[in-house]
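Remarks on the structure that follows.
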Amino acid sequence: MLRDLRRALSRERVRYGAADRTLFAHDASVFEGGLSGPICFPESTAEVQDIMRIAMQHERSVVPRGAGTGLTGGAIPLGAPIVVAMTKMDTILEVDIANGVAWVEPGVVNLDLTRSLSELGFNFAPDPSSQQVCTIGGNVANNAGGPHCLAYGVTDAHVLAIEVVLSSGDVVTLGSVRGESLGLDLRGAFVGSEGTLGIATKIAVRLSKNPPAVRTLLLSFSSMRDAAQTVSDVVAAGIVPAAMEVMDREITNAVENYVGAGYPRDAAAVLLAEVEGLEGGVEIDSQRIVEVAQSNNAKSIHRAESEAERALLWKGRKTAFGAIAQIKPDYYLHDSVVPRSKLADVLESIYEIGARHDLMVMNVFHAGDGNLHPILLYDGRIAGELERVHAAGAEIVRACLAVGGVLSGEHGIGVEKQPYMEEQFSSDDLDHQERLRRSFDPMCRVNPGKVLPEGHSCADIQALRSIPTGVWG
Amino acid sequence: MTGPIDLLLDPEALNGCVQCGLCLPHCPTYRVTGEEALSPRGRIKLMREVQDHGAPVTKDVLRSFETCVQCRGCESACPSAVPFGHLIEQTRASLVREGISRSALMRIALKALEFPRLLRLGTAFLSIANRMKLIPKQLGLPARLPVRQPAIPSTGQDVFLFTGCVMDAWQRDVHAAGARVLEAAGFGVTPTNELVPCCGALHAHAGLSDDARRLAEKAIRGLSGDDRPILVDSAGCGASMKDFGRMLDTEEAKAFSERVFDIGEWLANHLDRLPEVAPLDLSVAIQDPCHLRHVQRVHETTRAALSPFVSTLIELDDDGLCCGAGGAFMVLEPAMAGSIRDRKCASIERSGADVIASANPGCSMHLADAGVKMMHPMELIDRAIAAARA
Amino acid sequence: MTRAELAPTDPVLHSFAAELGDRGLVSIAGRGTRWSAGGEIAPGVQILRAPTGIVEVSPAEMTVRVRAGTLVADLNDALAEVGQRSALPERGGTVGGAIAVGEDHLDVLGRGRVRDSVLQVRYVSAEGKIISAGGAVVKNVSGFNLPKLITGSLGTLGAIAEVVLRTNPKPSMSQWLVSCDADPQLSFNTLYRPSCVLWDGSRTWVHLEGHAVDVAAEFDGLRHVGKFEPADSPPELPAHRWALTPRDAASMTSVEGGDFVASIGVGTLWADRPQAATPIDAALNVVHQRAKSLFDPTGRLNPGRAV
Ligand SMILES: Cc1cc2nc3c(=O)[nH]c(=O)nc-3n(C[C@H](O)[C@H](O)[C@H](O)COP(=O)(O)OP(=O)(O)OC[C@H]3O[C@@H](n4cnc5c(N)ncnc54)[C@H](O)[C@@H]3O)c2cc1C
Ligand code: SF4
Ligand code: SF4
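In order, the protein sequences belong to chains C, R and V.
Everything in the first sequence is counted per my numbering, starting at 1 for the first residue and increasing by one.
Everything in the second sequence is counted per my numbering, starting at 474 for the first residue and increasing by one.
Everything in the third sequence is counted per my numbering, starting at 864 for the first residue and increasing by one.
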């Protein structure tokens, strides 16, 4: 197989050394136990087709991979599949202003795309906190969100068409840049499928106009409850800000150590709210947000005074996960979404659960969407800590589901959250999800063992995971 | 392939990485290859595998470590403050100790840096040989090396101007310009010349830590008994001398490091002493040397010092990504250095600048070789002052 | 939580599931406004109606839970009372019908796509089971995106019983404008976020929504584009819907055999005759057919109709 792959690509672009296989067995999640087969770096759709066909001939599975910043192990290879690293397909193919789209290869980095569009007055709206590194292909696969998805919607709303190589090796284009596409929305089904339906090789993204006016408010509160209530009240008042992000005291301090953006270090919670649009409305809405915050006992209210200050505040918010190692070497992250009106209550239970398990919990989250990111900190070198993290995590997930929430708002299920799927969906529900998956990939050759839990995933997860991970194989 | 090796890395520093990947786009080798093994996160992971899990140092592992430009773009991008620069230097030092790094060979080459006269003589020879096209192109030597340049005269006792090794041999005109600018600001300049033959930066990067320490001690001795500021017009040398305190961990070394300033940093603090002259009618883009931006983190001062002297200052749009020079990197990894440079050149092209200002000789040579018009910020300031006087 | 609790408890849904059962050819009728979409229903098919009623309106969450047989008009009235609105088009039909067809509102630029507004779907499967897909919150990537597959599936994969939709605050001002001399594309480019820009070959309509100051500012910005005047409503739309690239829609000057109205920046065009059909790609058709046979192995749901 290696020989076939090398003939199809080139020697240098097919790796099988121990070093590469170790590296590609991981992503940004804490999951251990991946096992990588050969790693391919295709440079064209045709090469991806070749890889897919060779995999089929040799009855191997494949796993697409972008920048490897996924937080649930979506890109982690199970059972030694071929890893298809899309990072060398990173060309912006065409910016078509008249049709309001850009065609890009999947390895294009999110922020690079937005930057190159900005001269033309446009942007790609989804802005995950990892946008400086994650790829558009990864965004599509995970249906990534970001702070500014509150007003504009997540990746799904900004992807018009996707060229996909199916497990059969055939290329299809899902969706279209023509009008609204009626009929089965296979494009919509593909977005968020975590690389299990095929490999995206070309993506048409919608161009969004840059807003003429932006106001950024930094609000601080002496209790998390007040901050959460402010968020809920703002939306209830009929205002849809571009973004509303909350950080608690601990994470704010870690972030401030790194960026020095002027985040208040003593507040129990800070709320970063941004309003975008036309000058008049932006002024009215930001004023109303200030009033809502005041009525919820805001401790301080500050408006970013310059573009530089605004950029620094966002840099702080967006590097929050990375800053955690200042406090503890490892973290486990949840991604539940709860109804906004339940935010304050749920946050209280989360801190309580952490305390009960003697774990440090921090919260930094997309508050406007009710998308929580409870972070459980631990040190993997200390025996027993990870077990406590999992126990607390399960309780947190249940607390969120109990108020009508969901398991994941943007990071996906991958391998880390699979067991929780059964807490949210019935067996029949999961069975129908599997049918969707099989519609695209009947033999489950693309990214097997992900998303659906044992018994519903068409692959035998135990078998995939139990292969010994002889590190330098 | 080797047996288990202890890289002697600080476990806390190594564990500080949460594998988030936020550093990847700031790494030039990842940027041009898209390969995890050539990224900071990948390199740290491999260090862990070698140190904690006894993984052998295979050809691929060695390639991962040796292709690092040591620009430390990853370090200023890392929200968890992983000290990558020290990790990679220590890794290389351990590999040299085990005799499995080509750095051992470099030791011989770098020896010459300690003998300035020899270096100048060698340079003249190389220059002629190069012009006669006797030197293979992939060696990455700058196209035009000087044959002979006049020495920098001593003009007073206010500040030291660090002259160093390669730079003194290859770009002495930059020192001359820096000295004139300092004089225009009323500072009498003592060139360090033979007092400090070499700062040892290249040795430290190559993992030749013993040599690096020896040279650091020599430098400290050479300029001891004195507390005059030591001004440096090469970002790499400045960064290395500012690190003596940490490396040697002695009071004397710390005191020495405190005295070291980048020349732009110094002038930015003494702007009022510089003459007010008409700015040069040029649009200048600043190329931040990595060791100024990511290590010394004083790159803003270049802007402050330069802006009164040129009509337009432009920022490049690549977040200070490395140009690929990396000291000896451009000679050892010419292909990679070339692709990294291509990215930088594309950014320079987009900027539309007339001239690129860089405060590091390595970057200047590397980019000039690709046809970019390069000047040291001191040369620009010097020229503006000279134009006003003429 | 145990698995038994995960099944919806609403008895109305259960009786709908029981009615649909697990055998026999069935079709769900809405109000028949788009009854012929996807082809005529085969003879001898039992026609059912989906349950009706608005279960819960949550303006603070910007969501509504509504049963599929409810009229879109009734839904919109209920939402208006709490200052919200939906993305569903007001063509007189039911919520379930609108979602099964998947057509967007004329103001899609302001309201968002129908497909993006369906947060959760509960449908009855060909086996007569109630399936829950998606979640009742505004952001969700837990598992495969079945709501996307069901929206626009013309009832061929499952019978929609209940949905949770994302709603939006009703803007404080709404203003239609019309011009006889404005270039439609230039009008679109000049505006920051119009809700709709239409073009019929000679006139350009613009729909502005939002804060009064913003609407006034956008109106003012149009002065350089053409002479716009307030209009009461958008033009009449011809019956057939075409999908074009936005560029082609904007450069359309006439459609053979009648009038047309094109939506600028979107690419939908309404004409008096149907658009020439484009054949579906063979590899894509394989996926379509496989989906149909996996979700409805015996072909009992909406026989005769194809997506
Ligand atoms: C610091 C940090 C902050 C983050 N913040 C956010 C945030 O705000 N919002 C958010 O949504 N996520 C966030 N994430 C998670 C992550 O960055 C996103 O999920 C991102 O979209 C993953 O992109 P990637 O290129 O790294 O993909 P990878 O991690 O490489 O892969 C992710 C999934 O996509 C699949 N995939 C990749 N490329 C393709 C392709 N071409 N075709 C098919 N499938 C493919 C993979 O198989 C895998 O299942 C964050 C992560 C970090 C480390
Ligand atoms: S070095 Fe820092 S930025 Fe890079 S992956 Fe590790 S923690 Fe993240
Ligand atoms: S020092 Fe530079 S080349 Fe080395 S890993 Fe860091 S960013 Fe990459």
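For every residue, glycine included, the Cβ atom is placed at its ideal position computed from N, Cα and C.
Could you give the DSSP three-state label for C/I327: helix, strand or coil? coil
Is V/D1144 close to chain C, meaning its C-beta is less than 8 Å from at least one C-beta of that chain? Closer than 8 Å to some Cβ of chain C, the Cβ of V/D1144 qualifies, so yes.
Using 8 Å as the limit for Cβ to Cβ distance, is C/E105 near chain V? no
When the cut-off is 8 Å and only beta carbons count, does V/V1004 lie next to chain C? yes
With DSSP run on the structure shown, which of helix, strand or coil describes C/N476? Since the first and last residues shown for chain C are 1 and 473, residue 476 of chain C lies out of range.
Hey, would you say C/V292 sits closer than 8 Å to C/I301, going by beta carbons? no
Chain C contacts made by the stretch 1151-1163 of chain V, where a contact means CB separation under 7 Å: H1151, R1153, A1154, L1157 and F1158
Where C/P442 meets chain D, residues with beta-carbon distance less than 7 Å: This model lacks chain D altogether, as its protein chains are C, R and V.
Which residues, in order along the stretch 971-988 of chain V, keep a beta-carbon less than 8 Å from a beta-carbon of chain C? V971, G975, R976, R978, D979 and S988
Determine the extent of the alpha helix (DSSP H) in which R/L497 is found, giving its start and end residues. Here R/L497 belongs to no alpha helix (DSSP H), and DSSP marks it neither H nor E.
Residue nearest to R/H864 in terms of C-alpha spacing, selected from R/S682, R/S756 and R/C836: The shown model of chain R, from 474 to 863, leaves out residue 864 of chain R, and the question about it has no answer.
Hey, out of C/E194, C/V84 and C/A227, whose CA is closest to C/R437's CA? Out of C/E194, C/V84 and C/A227, C/E194 has the C-alpha closest to the C-alpha of C/R437.
Using only the heavy atoms of ligand 3, determine whether one of them is closer than 7 Å to the beta carbon of R/T502. yes
Should C/D27 be counted as a contact of ligand 1 given a C-beta to heavy atom distance under 7 Å? yes
Would the C-beta of R/R449 count as close to ligand 3, meaning under 7 Å from any of its heavy atoms? This structure cannot speak to residue 449 of chain R, because chain R is shown only from 474 to 863.
Strand pairing of C/V83, partner residues [DSSP]: C/I39 and C/V63
With a threshold of 8 Å between beta-carbons, can V/L1009 be considered close to chain C, or not? Yes - at least one Cβ of chain C is within 8 Å of the one on V/L1009.
Output the distance between the C-alpha atoms of C/R11 and C/L219, rounded to the nearest integer angstrom. Distance between the alpha carbons of C/R11 and C/L219 is about 55 Å.
What residue range is occupied by the uninterrupted alpha helix (DSSP H) comprising R/E725? E724 to E731
Can you find a heavy atom of ligand 1 that lies under 7 Å from the Cβ of C/A141? yes
Give me the chain C residues within the contact set of R/L519, using Cβ-Cβ distance strictly less than 9 Å, ordered along the chain. When 9 Å is used as the limit between beta carbons, R/L519 is near these residues of chain C: A19, T22 and L23, in chain order.
Across which residues does DSSP place V/R1032 in a beta bridge pair? According to the sequence displayed, residue 1032 of chain V carries Pro and not Arg. In the DSSP output, where bridge partners are listed per residue, V/P1032 has V/Q947.
Three CB pairs or more closer than 8 Å across the stretch 770-778 of chain R and the stretch 712-728 of chain R: no
Any heavy atom of ligand 3 closer than 7 Å to the beta-carbon of R/V867? Residue 867 of chain R is absent from the model: chain R starts at 474 and stops at 863.
Counterpart residues of V/F1123 in DSSP-defined beta bridges: V/A1134
Please report the residue range of the alpha helix (DSSP H) in which C/V172 lies. Looking at the DSSP string, C/V172 is not in any alpha helix (DSSP H); the run it does join, the beta strand (DSSP E), is V171 to G175.
Identify the continuous beta strand (DSSP E) that holds V/R912 and give its terminal residues. Membership of V/R912 in the beta strand (DSSP E) is indicated by the continuous run Q909 to R912.
Short CB-CB distance (under 8 Å) between C/L9 and chain R: Chain R, which has no Cβ nearer than 8 Å to the Cβ of C/L9, makes this no.
May I ask whether a heavy atom of ligand 3 can be found less than 7 Å away from the beta carbon of R/P513? For R/P513, the shortest C-beta to heavy atom distance toward ligand 3 is below 7 Å.
Pick out whichever of C/T216, C/R265 and C/I51 has its Cα sitting closest to the Cα of C/L312. C/T216
Measure the alpha-carbon distance for R/Q611 versus R/G844 and round it to whole angstroms. Summary for R/Q611: the model assigns pLDDT 45, below 50, so the residue's position carries little reliability, and this model does not support an answer.
At the 8 Å Cβ level, is C/H373 part of the contact set with chain V, yes or no? no
Measuring from the CB of V/R1056, is there a heavy atom of ligand 3 at a distance below 7 Å? no
Alpha carbon to alpha carbon, what distance is there between C/I39 and V/G1018? 42 Å
Grab me the residues of R/Y503's own chain with a C-beta within less than 7 Å of its C-beta, minus the 5 sequence neighbours each way, in chain order. L497, L511 and S512
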